[in-house]
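Participant: Sharing a structure below in structure tokens format, with a few things to ask.
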Amino acid sequence: MQRPRPRHVALVPAAGSGNRMKSGRPKQYLELLGRPLIRHAVDTLCAAPDIDRVYVVLSVGDQEWDRYDWSALEPKLVSLFCGGASRADSVLNGLRAIRDDMADSDWVLVHDAARPCLAPWHLERLLQTLSDDEVGGLLAVPVADTLKRDDGHGHSVETVSRERLWQAQTPQMFRYIMLRRALERAREVTDEASAIEAAGLHPRLVEGDATNLKVTYPLDLHVAEWILENRAR
Ligand code: CTP
Ligand code: MG
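Residue numbers (the numbering used here): 740 to 972.
So, in structure tokens, the structure goes:
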């Protein structure tokens with residue numbers, strides 16, 4: 740008998756304030772090609788046939804989400820107003836909020852709202868590579884530059900080997916119960932994979948590409964715009 744297809748849901752933390760953008764409003768709502776930045780990743784996730792549901796985690800006091808029309812993406816898209824003080828808190832609050840809809844073995848793909856250039860082929864590669872994986876994994880890119888450590892005053896004291904170093908991206912894809920338990924134990928982490936590593940497990944690194952950048956500083960918004968406009972459709 741065929742095994743039932745495992746469910747995949749996406750969870751999009753979008754409760755940050757975007758301080759490094761220095762724009763005065765949360766970066767997930769900055770305009771990118773005529774749409775709020777978050778709309779791009781949410782559209783791609785909602786269009787993916789293997790993803791059953793897309794949850795966005797917004798801050799409790801979010802004033803902007805409801806100003807936009809999301810009806811074309813419903814009922815697949817679900818908003819949760821339960822963000823926390825850190826990204827990890829927002830993800831954990833989201834995982835707790837959806838507990839009644841989740842089986843322990845369902846896959847959760849956590850994707851930053853601030854990565855608007857997520858493409859269908861990134862998702863396909865992640866899902867295909869991890870479909871039979873015990874632990875799960877994440878999109879990542881091998882480090883290309885020579886790395887330096889400074890002395891705290893702007894002088895280089897050391898060259899850090901880039902051998903075996905990767906830059907972590909999102910989505911990061913883990914089983915629901917494994918991820919929730921790992922985050923409950925390791926709260927001071929900047930991504931899901933670190934919580935899984937702290938539990939003694941080894942997430943698979945699935946090679947992505949640099950176009951899946953995170954919009955962090957003002958220049959990144961221009962780069963993201965260029966990528967989306969020039970991408971072969
Ligand atoms: N995030 C979140 N809850 C928080 C902090 C961050 O859901 N308390 C989300 C952001 O909205 C973003 C993602 O996590 O989609 C990645 O975080 P980051 O790029 O650091 O975004 P911000 O925290 O908003 O930006 P900054 O660190 O510059 O303030
Ligand atoms: Mg942040």
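For every residue, glycine included, the Cβ atom is placed at its ideal position computed from N, Cα and C.
Here the structure is a predicted model, which is why all the values come from computation and not from measurement.
My assumption, with CB atoms under 8 angstroms, is that residue 750 sits in contact with residue 830. Please give the rounded CB distance.
Facilitator: Their Cβ separation, rounded to whole angstroms, is 6 angstroms, which keeps residue 750 and residue 830 in contact under 8 angstroms.
Participant: Which whole-angstrom value describes the C-beta separation of residue 796 and residue 753, a residue pair presumed to lie in contact below a C-beta threshold of 8 angstroms?
Facilitator: The pair is a contact, with the Cβ atoms about 6 angstroms apart (cut-off 8 angstroms).
Participant: Of the residues 873, 878 and 964, which one's Cα is nearest the Cα of residue 860?
Facilitator: Nearest option by C-alpha distance: 878.
Participant: Could you tell me which residues DSSP pairs with residue 925 in its beta bridges?
Facilitator: Residue 925 pairs with nothing; no bridge assigned.
Participant: Would you grab the beta carbon distance between residue 816 and residue 856 for me? Rounded to a whole angstrom, and I think it's under 8 angstroms.
Facilitator: 19 angstroms between Cβ atoms; not a contact.
Participant: Could you please give the first and the last residue of the uninterrupted beta strand (DSSP E) stretch that includes residue 875?
Facilitator: Per DSSP, residue 875 belongs to the beta strand (DSSP E) from 875-881.
Participant: Considering Cα atoms alone, identify which of 746, 962, 953 and 783 is closest to residue 840.
Facilitator: Checking every option, the nearest Cα to that of residue 840 belongs to 746.
Participant: Can you tell me whether DSSP reads residue 962 as helix, strand or coil?
Facilitator: It is helical.
Participant: Taking one C-beta from the stretch 802-820 and one from the stretch 889-901 each time, how about it: are there three or more such pairs within less than 8 angstroms?
Facilitator: Flag = no, the stretch 802-820 and the stretch 889-901 do not touch.
Participant: Would you say residue 823 touches the ligand MG, meaning its beta carbon is less than 7 angstroms from a heavy atom?
Facilitator: Answer for residue 823: no, Cβ out of range of the ligand MG.
Participant: For residue 949 and residue 794, what's the separation of their Cα atoms in angstroms?
Facilitator: Distance between the alpha carbons of residue 949 and residue 794 is about 25 angstroms.
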